[in-house]
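Working notes for the structure below.
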Amino acid sequence: MRHNVEGRKLKRTASHRRALLRALTVSLLRHKRIRTTEAKAKEARRFAEAIITRAKNAYLAEQAGSATNIHARRVVARDINDAAILKELFSEIAQKVAGRPGGYTRVVKLGQRIGDGARVAILELVDYNTERDENAVRSRAKRMMSRAERVARSRAKQAELEAKQTPAVAQEEAPAEEAVIETTAAETAPVADAATEEQPTTEAPAAETAADGDQAKG
Amino acid sequence: MPNPKRKHSKSRRDKRRTHYKATAPAFGKCPNCGETKLHHTACNACGYYNGRVILNSTL
Chain A
179 MRHNVEGRKL KRTASHRRAL LRALTVSLLR HKRIRTTEAK AKEARRFAEA IITRAKNAYL
239 AEQAGSATNI HARRVVARDI NDAAILKELF SEIAQKVAGR PGGYTRVVKL GQRIGDGARV
299 AILELVDYNT ERDENAVRSR AKRMMSRAER VARSRAKQAE LEAKQTPAVA QEEAPAEEAV
359 IETTAAETAP VADAATEEQP TTEAPAAETA ADGDQAKG
Chain B
4 MPNPKRKHSK SRRDKRRTHY KATAPAFGKC PNCGETKLHH TACNACGYYN GRVILNSTL
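Taken in order, these protein sequences are the chains called A and B.
Under the working numbering, think of the first position of the first sequence as 179, with each following residue one higher.
Under the working numbering, think of the first position of the second sequence as 4, with each following residue one higher.
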């Protein structure tokens with residue numbers, strides 16, 4: 179059985195899959211962002227991150243004074259079949275990602291492609307897409323605040339409505355001739371005053387007294 | 004091998020299928036341009052996702 183085996187097969191043989199992931203990774207390092215299917219993007223991410231980490235570690239060691247890490251370059255060169263990209267990876271890209279503990283890439287979903295309905299995504303190097311418009315994103319703090327504000331506003335509005343409604347009801351009922359209704363109104367009025375101060379819980383008893391009065395009348 | 008004695012009628016088949024229902028995808032509003040978009044997906048109208056330009060003319 180194939181339980182808990184990580185990674186996608188992508189409907190390819192092992193060699194075909196390896197070739198695909200290498201090609202995607204080289205493209206990613208060359209162009210910094212590529213558009214592919216969501217599944218391929220997520221697999222290529224795994225593949226590319228390991229390679230970038232190796233280059234980053236070699237770069238950091240070399241910066242710290244050790245000799246050029248030829249072994250690391252050879253290991254990476256198995257997958258990166260392009261001398262220029264290899265050079266860039268161990269210099270510029272490694273430098274850019276040096277401060278990052280992994281997570282050099284980002285997958286952003288784009289929705290479905292028209293031709294075959296495949297889910298498409300963009301895979302990009304995080305450090306090469308630096309423009310960020312803070313106005314276009316609602317920060318978590320902002321969302322939380324607005325939610326609290328919304329609740330407070332709706333509560334205030336409800337309290338205002340109740341304050342407006344309950345005295346009006348009492349006045350309407352008061353002039354009625356039958357004694358039962360008068361008692362209802364008399365009972366409601368003080369409770370209603372309390373309701374304006376204390377909020378919805380007191381509303382329920384008021385409604386009940388009204389119902390009781392009607393029953394007594396019947 | 005045991006086999007079904009009778010063919011399932013159209014009625015039984017169709018009754019089984021009454022529970023096959025399509026569900027609508029969850030839509031949200033783009034916080035940048037207000038356009039309707041799929042959740043967790045870059046906005047098709049303005050190309051933004053989470054405050055970043057994701058789509059532009061190069062891709």
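For each residue, glycine too, the CB sits at the ideal point set by N, CA and C.
In this text the structure is predicted, and so the values were computed from the model without any measurement.
- Shown here, residue 183 of chain A sits in coil according to DSSP, grouped into three states, outside any helix or strand.
- Residues of the segment 30-47 of chain B whose Cβ lies closer than 9 Å to any Cβ of chain A, in chain order: 33, 34, 35, 36, 40, 41, 43, 44, 45, 47.
- At a cut-off of 8 Å between C-beta atoms, residue 286 of chain A counts as an interface residue with respect to chain B.
- Secondary-structure assignment with DSSP links residue 290 of chain A through a beta bridge to A:297.
- Per DSSP, residue 32 of chain B is one residue of the beta strand (DSSP E) stretching across 30-32.
- The beta carbon of residue 55 of chain B sits closer than 8 Å to some beta carbon of chain A.
- What residue 309 of chain A touches in chain B, judged by beta-carbon distance under 8 Å, is 55, 56, going in chain order.
- The beta-carbon of residue 52 of chain B is placed less than 8 Å from the nearest beta-carbon of chain A.
- With contacts defined by Cβ atoms closer than 8 Å, residue 254 of chain A and residue 232 of chain A form a contacting pair.
- Under the three-state reduction of DSSP, residue 202 of chain A is assigned to helix.
- The three-state reading of DSSP puts residue 41 of chain B in strand, counting E and B together.
- For residue 214 of chain A, the enclosing beta strand (DSSP E) starts and ends at 211-215.
- It is roughly 15 Å from the alpha-carbon of residue 179 of chain A to the alpha-carbon of residue 187 of chain A.
- Taking a cut-off of 8 Å on C-beta distances, the segment 224-244 of chain A touches the segment 273-287 of chain A, as three or more cross pairs fall below it.
- Contact annotation: residue 305 of chain A and residue 282 of chain A have beta-carbon atoms nearer than 8 Å.
- Its chain contains 186 as the residues whose beta carbon lies nearer than 6 Å to that of residue 217 of chain A, once the 5 sequence neighbours on both sides are disregarded; these appear in chain order.
- Taking 7 Å as the Cβ-Cβ cut-off, the segment 276-304 of chain A approaches chain B at 286, 287, 288, 289, 300, given in chain order.
- Contact between residue 39 of chain B and residue 289 of chain A does not hold, since their C-beta atoms are separated by about 12 Å, which reaches or exceeds 8 Å.
- Taking a 10 Å sphere around the C-beta of residue 339 of chain A, we find fewer than 16 other C-beta atoms and assign the residue as exposed.
- If you check the CB distance, residue 300 of chain A and residue 224 of chain A do not come in under 8 Å.
- Under DSSP, the beta-bridge partners assigned to residue 56 of chain B are B:51.
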